[in-house]
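Asks:
2 protein chains.
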Amino acid sequence: MPVELTPSQALGLWHAVSLEQVRVDSRDLTLRQMAILLEIYLVPPPHTVRGLAAKLGVTKPVITRALDTMGAAGLVDRVRDERDRRNVVIKRTVEGALYLEKFGDLIINQGRKL
Amino acid sequence: MPVELTPSQALGLWHAVSLEQVRVDSRDLTLRQMAILLEIYLVPPPHTVRGLAAKLGVTKPVITRALDTMGAAGLVDRVRDERDRRNVVIKRTVEGALYLEKFGDLIINQGRKL
DNA sequence: GGCGATCGTTACGCAAGCGTTTCTTTTGTG
DNA sequence: CACAAAAGAAACGCTTGCGTAACGATCGCC
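From first to last, the protein sequence lines stand for chains A and U.
My numbering runs 52 ahead of the 1-based position in the first sequence.
My numbering runs 52 ahead of the 1-based position in the second sequence.
#1: List, in order along the chain, the chain U residues whose C-beta lies closer than 7 Å to that of A:Thr82?
#2: Any idea if U:Gly156 is buried or exposed, counting beta-carbon neighbours within 10 angstroms, 16 or more meaning buried?
#3: Report all residues from its chain with a CB closer than 8 Å to the CB of U:Ile92; omit the five preceding and five following residues, and keep chain order.
#4: Is U:Met171 close to chain A? Criterion is C-beta to C-beta, closer than 8 Å.
#5: Where U:Arg102 and U:Lys112 are concerned, what is the direct C-alpha to C-alpha distance, given to the nearest angstrom?
#6: How about U:Leu65 and A:Val74: do their beta carbons lie closer than 8 Å?
#7: By the three-class DSSP mapping on this structure, what secondary structure does A:Val110 have?
#8: Between which two residues does the beta strand (DSSP E) carrying U:Val131 extend?
#9: For my contact list, U:Arg79 and U:Ala125 are in at a C-beta cut-off of 8 Å; report their separation, rounded to the angstrom.
#10: In this structure, how does DSSP classify U:Arg117 when only helix, strand and coil are distinguished?
#11: Run through chain A and tell me which residues come within less than 8 Å of U:Arg117, C-beta to C-beta.
#12: Taking only the alpha-carbon atoms, compute the straight-line gap between A:Gly123 and U:Thr121 and give it to the nearest angstrom.
#13: Considering just the uninterrupted stretch of the alpha helix (DSSP H) at A:Val141, what are its terminal residues?
#14: For U:Arg137, collect the residues of the same chain with a Cβ closer than 8 Å to its Cβ; drop the 5 residues on either side in sequence, then sort them by chain order.
#15: Taking the alpha helix (DSSP H) that U:Ala68 falls in, what are its first and last residues?
#16: Determine the contact status of U:Gly163 and A:Pro54, defining contact as a CB-CB distance below 8 Å.
#17: Just the chain U side, please: which residues come within less than 9 Å of A:Pro98 by C-beta, in chain order?
#18: If we ignore side chains and look at the alpha-carbon of each, how far apart do U:Ile115 and A:Asp133 end up?
#19: Would you call A:Val69 buried or exposed, if buried means 16 or more other Cβ atoms sit within 10 Å of its Cβ?
#20: In whole angstroms, what separates the C-alpha of A:Ser60 from that of U:Leu150?
#21: Just reading off the alpha helix (DSSP H) that U:Ala87 is part of, what are its end residues?
#22: Counting only beta-carbon atoms, is A:Met62 nearer than 8 Å to chain U?
#23: Rounded to the nearest angstrom, what separates A:Arg135 and U:Lys165 at their Cα positions?
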């Protein structure tokens with residue numbers, strides 16, 4: 053079920069959502085952090101640092117740092133993989149799910165207003 | 053003409069666009085910068101530092117800095133207002149318009165894929 | 001003409017992100 | 001058992017953004 057948008061709608065939607073998010077949330081996640089967060093919550097686990105780095109086309113420290121920041125904010129959690137203790141498995145949190153749920157509502161509402 | 057999205061479509065669209073943008077563009081504008089850029093290009097001029105600050109709910113130095121950065125990238129331009137020389141009028145550029153046009157295409161294409 | 005208000009910028013100290021490189025732990029394999 | 005490979009984190013120097021506070025230029029108005 054594709055979503056058909058005109059150029060004006062596409063940018064207008066992004067505009068309205070960005071604007072509202074800036075006004076509402078002082079956290080101001082970077083685009084990279086947002087991409088990581090959405091990847092974790094929308095794609096079936098497990099997620100690893102290495103996997104995310106490959107998926108986004110960035111280096112591993114970028115992922116580590118983003119997880120540090122978002123972990124401190126309670127949006128994600130890290131657990132050592134007991135089957136291969138070199139790996140770290142990234143876990144979702146209730147707070148993170150809530151955050152994205154509200155963000156999704158924001159998108160939906162701004163979309164309706166177009 | 054509203055855009056009706058399911059929660060899954062809303063977050064899925066944001067996910068796909070963020071991901072692609074991260075992979076394609078090393079510039080990595082912050083959400084604030086993106087909101088400012090879209091405001092300048094989608095809302096009829098004139099735009100001033102003060103006006104943008106009020107619209108986004110941020111302080112003036114935030115706007116000044118964003119304009120510094122995006123100006124250096126050629127995405128916007130600044131011109132002194134000759135009618136009231138205290139004001140600075142923010143101008144669009146060809147490069148900025150092109151940048152947003154490509155970004156809009158990205159949104160449209162990712163929307164179709166949902 | 002003086003003077004308070006307004007506009008945008010700059011300065012300051014600080015926090016956070018970056019890329020590269022190095023380190024630590026753990027694995028698998030000869 | 002030794003040792004190279006792999007995963008993630010930490011260290012390093014640097015750049016960029018932040019909020020607050022101060023600043024210079026310009027205006028409106030009496």
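The C-beta atom is built at its ideal place from N, Cα and C for all residues, glycine as well.
Replies: In this structure, then:
#1: By Cβ distance, chain U contributes Asp80 and Thr82.
#2: Around the beta-carbon of U:Gly156, 16 or more other beta-carbon atoms lie within 10 Å, marking it buried.
#3: Setting aside the 5 residues that flank it on each side, U:Ile92 is surrounded in the same chain by His99, Leu104, Val128, Ile142, Arg144 and Gly148, each with a C-beta closer than 8 Å to its C-beta; the list follows chain order.
#4: Chain U is shown from 53 up to 166; residue 171 of chain U falls before or after that span and cannot be answered.
#5: CA-CA distance, U:Arg102 to U:Lys112, rounds to 6 Å.
#6: No, they are not a contact pair.
#7: Looking at A:Val110 - three-state DSSP - the assignment turns out to be coil, as it is neither helix nor strand.
#8: Looking at the DSSP string, the run of the beta strand (DSSP E) that includes U:Val131 is Val128 to Arg132.
#9: Contact holds; Cβ gap of about 7 Å.
#10: For U:Arg117, the secondary structure class from DSSP, reduced to helix, strand or coil, is helix.
#11: What U:Arg117 touches in chain A, judged by beta-carbon distance under 8 Å, is nothing: the nearest beta carbon there is about 13 Å away.
#12: One C-alpha to the other measures close to 29 Å.
#13: Premise fails: A:Val141 lies in the beta strand (DSSP E), Val140 to Arg144, not in any alpha helix (DSSP H).
#14: If we look at U:Arg137 and ignore the five residues flanking it on each side, it has no Cβ neighbours.
#15: Segment Pro59 to Val76, the alpha helix (DSSP H) holding U:Ala68.
#16: The answer is yes: Cβ separation under 8 Å.
#17: Per Cβ cutoff of 9 Å: no residues; A:Pro98 is ~18 Å from chain U at best.
#18: Cα atoms of U:Ile115 and A:Asp133: separation of roughly 44 Å, rounded to the nearest angstrom.
#19: Result: buried.
#20: Each residue's CA atom was taken as its position, placing A:Ser60 and U:Leu150 some 14 Å apart.
#21: Looking at the DSSP string, the run of the alpha helix (DSSP H) that includes U:Ala87 is Leu83 to Leu94.
#22: First, the residue type needs correcting, since residue 62 of chain A is Ala and not Met in the sequence shown. So yes, A:Ala62 belongs to the interface.
#23: Approximately 36 Å between the Cα atoms of the pair.
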